[in-house]
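Working notes for the structure below.
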Amino acid sequence: MERLNMKEKKKYEIIKKWNDGLITFKSAQLKLGYSEQHMYRLKKLLTEKDKEGFVHGNRGRKPKITIDQSLSDNIVLYYQTEFQGFNFSHYKYMLEKEKNIKVSYTKIYNELTIKNGIVSPKAKKNTRKKYKKLSLLKKKENNNKTEKEINKIVSYQIALKDATP
Numbered sequence: 002m003e004r005l006n007m008k009e010k011k012k013y014e015i016i017k018k019w020n021d022g023l024i025t026f027k028s029a030q031l032k033l034g035y036s037e038q039h040m041y042r043l044k045k046l047l048t049e050k051d052k053e054g055f056v057h058g059n060r061g062r063k064p065k066i067t068i069d070q071s072l073s074d075n076i077v078l079y080y081q082t083e084f085q086g087f088n089f090s091h092y093k094y095m096l097e098k099e100k101n102i103k104v105s106y107t108k109i110y111n112e113l114t115i116k117n118g119i120v121s122p123k124a125k126k127n128t129r130k131k132y133k134k135l136s137l138l139k140k141k142e143n144n145n146k147t148e149k150e151i152n153k154i155v156s157y158q159i160a161l162k163d164a165t166p
C-alpha cells in the first residue's frame with residue numbers, strides 16, 4: 002500500500018472521524034469543502050477500500066507525453082554538432098525536416114537553455130547575461146566571488162562575444 006500525501010491523509014482522517022461519529026456530517030463537509038453527494042461517495046470508498054481508496058490513481062505513473070532521455074540527449078547533441086548557431090525555431094524546423102524528430106519549441110528551449118545553459122543566438126542581451134551568470138555561479142571557482150564581481154565578469158564576456166563576429 003502506498004502512503005498518503007498530506008491532502009489525502011487529511012481527507013481520510015476527516016471522513017474516518019465522520020464515519021466513527023466523532024464529528025458531524027456538516028462539520029466534515031465544511032472542513033473538506035465537498036458536496037453532499039461527494040461526501041457519501043468518500044464514505045463508501047472508506048468502507049470498501051479503507052486508506053488505499055484515498056490514494057490518487059495516477060500516482061507513480063509517467064505522463065503519456067513524456068519524451069525518453071535518449072531523445073533529449075539527441076536534441077542537445079544535434080544542436081552542438083550539426084545545427085550549432087541556429088536559432089531555436091529554425092532548429093525545430095530542421096529537426097523535423099532532416100532528422101524526423103517532432104518536438105515542441107518549448108521542449109527544445111527547456112532542453113537546451115534551462116538544462117544545458119545553451120542560449121539561442123537570437124536571445125536578448127539580458128537573457129544571455131542571466132544564463133551566463135548562472136553558469137558562472139555553478140562553477141566552484143566562483144563561489145568566493147561577490148555578486149558584483151560576477152556581474153562584471155558576465156558583462157565583459159557578453160561584450161566580448163558581441164564585439165567578435
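Following this note's numbering, the residues of the sequence shown are numbered contiguously, the last one being 166. Glycine included, C-beta positions come from ideal geometry on N, C-alpha and C.
- Under the three-state reduction of DSSP, VAL77 is assigned to helix.
- The three-state reading of DSSP puts HIS57 in coil, since its state is none of H, G, I, E or B.
- In this structure, VAL104 is the residue among LEU5, ARG42, GLN70 and VAL104 with its C-alpha nearest to the C-alpha of LYS93.
- Per DSSP, the unbroken alpha helix (DSSP H) holding ARG42 starts and ends at 37–50.
- The Cβ atoms of PHE26 and MET40 lie closer than 9 Å to each other.
- Residues ILE24, ALA29, LYS32 and LEU33 of the same chain have their beta carbon placed closer than 8 Å to that of ILE15, with the five preceding and five following residues left out of the count.
- Annotated as proximal: LEU46 and GLY54, with beta-carbon spacing under 9 Å.
- Across the set ASP21, LEU113 and LYS98, the C-alpha of LEU113 shows the shortest separation from the C-alpha of ASN75.
- Secondary structure at SER105: coil, using DSSP grouped into helix, strand and coil.
- In the DSSP assignment, LEU33 falls within the alpha helix (DSSP H) that extends over 26–33.
- Taking 9 Å as the cut-off, the Cβ atoms of LYS100 and SER73 do not count as close.
- For ILE15, the enclosing alpha helix (DSSP H) begins and ends at 7–21.
- By the neighbour-count criterion, in which a residue is buried when 16 or more other Cβ atoms sit within 10 angstroms of its Cβ, LEU78 is exposed.
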